[in-house]
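**Q** This is the structure I have questions about; it appears just below.
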Amino acid sequence: MNFYERAPATGALFLLFLKMNKKNLYSYVWFLVIALSLCLSACQPRVSAQSGNKQITVILSLDGFRWDYPDKTYTPNLDQIAADGVKAESMIPSFPSKTFPNHYTIVTGLYPDHHGLVNNSFFNPELNRSYSMGAKDSRFDPAFYGGEPIWITAKKQGLITASFFWVGSDVPVQGMNPDYFKKYDGSIPYINRIDTIIYWLSLPESIRPRLILAYYEEPDGIGHKYGPEDPRTFEAVHEIDSLTGILYKRIKMLAIADSVNFIIVSDHGMGEISPKDVVTLRDYIPEKWPVRIEGGNPIFNLYASDGWVDSAYIALHEVPHIKVWKAGEVPAYLNYGQNPSCGNIVVVADSAWSVNLNRQLIGKSRGTHGYDITDSDMHAIFYASGPAFKQAYSQPTFKNVDIYPLLSHLLGILPAPNDGDLNEIKGMLKNPEIKK
1 MNFYERAPAT GALFLLFLKM NKKNLYSYVW FLVIALSLCL SACQPRVSAQ SGNKQITVIL
61 SLDGFRWDYP DKTYTPNLDQ IAADGVKAES MIPSFPSKTF PNHYTIVTGL YPDHHGLVNN
121 SFFNPELNRS YSMGAKDSRF DPAFYGGEPI WITAKKQGLI TASFFWVGSD VPVQGMNPDY
181 FKKYDGSIPY INRIDTIIYW LSLPESIRPR LILAYYEEPD GIGHKYGPED PRTFEAVHEI
241 DSLTGILYKR IKMLAIADSV NFIIVSDHGM GEISPKDVVT LRDYIPEKWP VRIEGGNPIF
301 NLYASDGWVD SAYIALHEVP HIKVWKAGEV PAYLNYGQNP SCGNIVVVAD SAWSVNLNRQ
361 LIGKSRGTHG YDITDSDMHA IFYASGPAFK QAYSQPTFKN VDIYPLLSHL LGILPAPNDG
421 DLNEIKGMLK NPEIKK
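Going by our numbering, the sequence shown opens with residue 1, and the numbers climb by one from there.
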């Protein structure tokens, strides 16, 4: 049993102690011995973070929440958070604008090309294995996860951390998880997640997390099904806004409210598509060719055997409504293609178009993401409120790699090497002094 398991166990024993019969001396002794044992065994040597910094950071991700949803529909709670703190014009995801690559980028400050999760599904030639976010054998294998997530950076410097479903937090990256974490289970209601976050924030200071990460699946699923302009998608946006407001208001009611920085982000936006506008890769790359194809609409990675790279590239290069690059020729602004897991050919559909492997895979979805990051439909949100942030501040559009150095700054810790730059967003901070 490790620390994140022992701490709740100790709390449970404390509640049991309060319910004990005061005349039961044996129960007192039992409680004291077990609780002391758990507390002592939980204590591990840690490097101390910056002294005097007691601020707590809660970061919540709303999957697929496009940057302009608040302009299209009613989001009073996000509007209130913006009035209380900071709202970015938009946040640029990393390429590809997919869920797993971008969630992991946010917490490592590394582009997918550098941390290794180059798509939601891909092939890693060095491991000779495929990765898929839906396959448990690869999903929970730390060999696929490079870089240093913020919870590891924080733990190395003496801070307690917690996560409710953030990508990678339930994987023992570098042999470590957050002190408190949950293995992903999408059936757990959002209100239960809120209850747990408030419970973590209500723990005694000695075992209270300084960093809490949380994740909501919507409005991504609804956006895929109906598209980003559908009233049913806006209805899901209303619901997520309401749930975000519940968490924000409950944080404000805590005794430590003045010490909590609350950040809301999304991993990417959502683009409108039509089932009629589809490019099918197998129309151009026959199955008999030695070309492995991994990925999903609208981005695929191709792994062509020696001598077949040019053939595959030529077969796709003139196909309308897609962009095709050899791995080393991907435009520099995408920061993509150098990692061997990207394959030797990258294919991405033009905005509003789909690309699928087979014709039978063409579905009825009206929305997707993964496109070029210059497509503003892919842009995400950023809101923040708390003691570290200015009030009613409008932050110009910035890249999501800058979140990791921001979190490090808020926690008073030294960041691991990363691709972000706090200077790009320091204007939102009350105290923008950057630690050297």
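Just so you know, even glycine gets a beta-carbon here, dropped at the ideal spot from N, CA and C.
1) Spatial neighbours of LEU16 within its chain, please: CB distance less than 6 Å, with the 5 preceding and 5 following residues excluded, ordered by chain position.
2) Are the segment 388–396 and the segment 73–88 touching, with three or more C-beta to C-beta distances below 8 Å?
3) Identify, in the order they occur along the chain, each residue of the same chain with its Cβ nearer than 6 Å to the Cβ of GLY64, setting aside the five sequence neighbours on each side.
4) Output yes or no for whether 8 Å exceeds the beta carbon distance between LYS326 and ILE345.
5) If you reduce the DSSP assignment to three classes, tell me which class THR73 lands in.
6) Considering only heavy atoms of the ligand NAD, does any lie closer than 7 Å to the CB of HIS317?
7) Any chance you could list the alpha helix (DSSP H) runs of at least 4 consecutive residues sitting entirely within the segment 88–159, in chain order?
8) Go through its chain and collect everything with a Cβ distance to TYR248's Cβ below 8 Å, but skip five positions before and after it.
9) So for ILE246, helix, strand or coil by DSSP?
10) Based on Cα-Cα distance, which residue from SER311, GLY116, ASP375 and ILE403 lies nearest to GLY168?
11) At a cut of 8 Å, does the segment 273–282 reach the segment 55–70 through at least three beta carbon pairs?
12) With distances taken from CA atoms, which of ALA315, LYS136, GLY147 and ALA214 is nearest TYR480?
13) Could I get the ranges of all uninterrupted beta strand (DSSP E) runs contained in the segment 210–282, with 3 residues as the minimum, in chain order?
14) Starting from GLN395, follow its DSSP beta bridges and name the residues at the other end.
15) Tell me which same chain residues have a C-beta within less than 6 Å of the C-beta of ILE403, skipping the five on either side of it?
16) Three or more C-beta pairs closer than 8 Å, one from the segment 405–417 and one from the segment 127–139: is that the case here?
17) Quickly, what does DSSP pair SER187 with across the bridge? List them, please.
18) Could you tell me which of ARG66, SER132 and ALA88 sits nearest to THR397, measuring between CA atoms?
19) I believe GLY295 touches ASN119 by the beta-carbon criterion, under 8 Å. Please report the beta-carbon distance rounded to the nearest angstrom.
**A** Based on what the coordinates show:
1) Translated into positions along the sequence shown, residue 16 becomes position 16. With a pLDDT of only 35 at LEU16, under 50, the local geometry of the prediction cannot be trusted, and no value is derived from it.
2) yes
3) The residue labelled residue 64 in the question sits at position 64 within the sequence shown. Same-chain partners within the cutoff: PRO219, ASP220, GLY223 and MET270.
4) Your numbering for residue 326 matches position 326 in the sequence shown. Your numbering for residue 345 matches position 345 in the sequence shown. The answer is yes: Cβ separation under 8 Å.
5) In the sequence shown, counting from the first residue as 1, residue 73 sits at position 73. If DSSP states are grouped into helix, strand and coil, THR73 belongs with coil.
6) The model depicted lacks the ligand NAD and carries no ligand whatsoever.
7) 99–108, 112–115, 136–139 and 150–156
8) Taking the first residue of the sequence shown as 1, we reach residue 248 at position 248. Once the five neighbours on either side are set aside, the close Cβ partners of TYR248 are ASN77, GLN80, ILE81, PHE262 and SER385.
9) On the sequence shown, residue 246 is found 246 positions in, with the first residue counted as 1. Here ILE246 sits in helix by DSSP.
10) The residue labelled residue 168 in the question sits at position 168 within the sequence shown. Considering only alpha carbons, the answer is GLY116.
11) no
12) Within the shown structure, residues of the chain are numbered from 1 to 436, placing residue 480 beyond reach of any answer.
13) 211–216, 260–265 and 278–280
14) By 1-based counting over the sequence shown, the position of residue 395 is 395. For GLN395, which the question treats as bridged, DSSP gives the partners ALA88.
15) What you label residue 403 is simply residue 403 of the sequence shown in a count that begins at 1. Contacts found: ILE106.
16) no
17) For this step, residue 187 is matched to residue 187 along the sequence shown. Paired residue(s): none; SER187 is not in a bridge.
18) Counting from one through the sequence shown, the residue named residue 397 turns up at place 397. It is ALA88.
19) Sequence index remark: in the sequence shown, residue 295 carries index 295 (1-based). Sequence index remark: in the sequence shown, residue 119 carries index 119 (1-based). Right, the Cβ-Cβ distance comes to about 5 Å (below 8 Å), so this counts as a contact.
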